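Numbering (my numbering), first residue to last: 290 to 645. A short worksheet on the structure shown next.
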Ligand code: 1HN
């Protein structure tokens with residue numbers, strides 16, 4: 290088979306026009322574009338969003354646009370490779386930095402896309418999810434999965450900022466993205482993050498489990514950080530000190546489409562990650578790190594975020610020789626696994642999954 294395929298310009302203009310008039314196009318001029326050799330075409334560009342650039346613009350939005358006029362006051366971290374208007378970080382991931390000022394309330398709604406919030410700074414805000422009031426402190430992860438009612442409020446004195454991660458681009462592409470508005474939720478007593486606070490044991494109510502798909506909605510940073518520190522201490526030779534956020538009753542991914550992780554880089558550590566099919570978002574919770582793709586280096590400090598396209602070997606380096614660095618990571622692994630396209634490449638070689 291030849292690798293040079295016919296071009297559109299090779300065809301008589303009248304023939305092309307006659308096809309187009311009937312909503313027909315020839316495949317062969319575009320075949321290599323949609324099915325390139327070995328490495329997929331990716332719109333997603335490696336992109337770094339520095340918090341020092343976001344914060345003043347976000348605070349300005351707080352002056353310019355009252356919460357009633359925004360519902361959610363968010364600056365979207367848009368990947369220029371997808372064009373800014375598409376509001377995508379990658380093909381399936383949406384990222385936004387949301388600001389809530391003291392006394393403000395972002396009303397209750399629910400929607401088909403899944404969301405999580407990673408708290409960046411400020412104390413006193415909360416998200417109520419299906420009646421469970423989840424306090425927001427730096428580094429906490431709060432789930433608002435598909436279909437669950439959620440609203441945000443703020444009883445503190447300083448602005449609160451968090452990073453929203455949604456599978457909105459996927460839901461929009463699938464033409465399944467919509468929302469419903471609700472009224473202020475009654476909060477119920479109890480917090481699931483207390484009930485599921487210890488690994489290795491879990492609640493076994495004598496009259497049966499909740500059977501809820503999302504038994505845990507708030508993942509406190511204090512617990513995730515303690516897990517990472519004890520892993521690092523207990524396994525001094527472990528190269529990748531990482532935890533993933535899961536459903537504590539089943540061990541499955543916390544949400545259906547995107548995967549969420551916390552990773553610790555030991556002081557001075559360099560961690561080389563193989564190329565994998567999903568795009569990845571790195572966000573610094575504590576410390577500082579360099580994210581390198583070979584083509585680009587991003588120096589991330591606390592609250593900075595970057596996105597790396599899929600199939601890209603990536604090197605993470607702790608910028609400090611004396612302090613650990615802690616990263617929050619979001620990726621498209623659960624989606625890729627469900628679709629059967631998840632891939633890890635050794636030495637950057639294609640490892641196409643096969644059903645054999
Ligand atoms: C949303 O519901 C929230 O509830 C934040 O805070 C960002 C971006 C797109 C669509 C829905 C929220 C969102 C969103």
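Where is the CB? At the ideal position from N, CA and C, for every residue including glycine. All figures in this text were calculated on a predicted structure; none of them were measured in a lab.
Should residue i be listed as close to ligand 1, given that the test is whether its C-beta is under 7 angstroms from any heavy atom?
i, result
"residue 453", "yes"
"residue 433", "yes"
"residue 551", "no"
"residue 450", "no"
"residue 531", "no"
"residue 402", "yes"
"residue 361", "yes"
"residue 398", "yes"
"residue 572", "no"
"residue 460", "no"
"residue 430", "no"
"residue 383", "yes"
"residue 347", "no"
"residue 439", "yes"
"residue 366", "no"
Could you compute how far the alpha carbon of residue i sits from the alpha carbon of residue j?
i, j, result
"residue 487", "residue 515", "11 angstroms"
"residue 344", "residue 386", "9 angstroms"
"residue 522", "residue 340", "31 angstroms"
"residue 566", "residue 459", "16 angstroms"
"residue 499", "residue 626", "27 angstroms"
"residue 491", "residue 540", "11 angstroms"
"residue 442", "residue 508", "18 angstroms"
"residue 418", "residue 393", "17 angstroms"
"residue 623", "residue 484", "26 angstroms"
"residue 517", "residue 321", "44 angstroms"
"residue 324", "residue 396", "44 angstroms"
"residue 350", "residue 361", "11 angstroms"
Between the options, which has its C-alpha nearest residue i's C-alpha?
i, options, result
"residue 355", "389, 383, 335", "389"
"residue 519", "507, 539, 552", "552"
"residue 455", "558, 473, 432", "432"
"residue 337", "613, 595, 599", "595"
"residue 526", "550, 554, 331", "554"
"residue 597", "333, 449, 536", "333"
"residue 638", "328, 440, 310, 318", "328"
"residue 477", "380, 310, 420", "420"
"residue 346", "450, 294, 331, 434", "450"
"residue 457", "497, 615, 428, 381", "381"
Identify every residue that forms a DSSP beta bridge with residue i.
i, result
"residue 451", "387, 408"
"residue 572", "594, 617"
"residue 417", "422, 440"
"residue 507", "431"
"residue 606", "559, 579"
Using 8 angstroms as the Cβ pair cut-off and three pairs as the minimum, do the stretch 396-403 and the stretch 498-509 touch? no
With a cut-off of 8 angstroms, do at least 3 Cβ pairs link the stretch 339-355 to the stretch 372-383? no
Assess contact between the stretch 407-415 and the stretch 459-466, defined as three or more Cβ pairs (one per stretch) separated by less than 8 angstroms. Is contact present? no
For the stretch 598-611 against the stretch 558-578, do three or more pairs of beta-carbon atoms, one drawn from each stretch, fall closer than 8 angstroms, so that the two count as touching? yes
State whether the stretch 612-632 contacts the stretch 569-589, with contact taken as three or more CB pairs (one from each stretch) at a distance under 8 angstroms. yes
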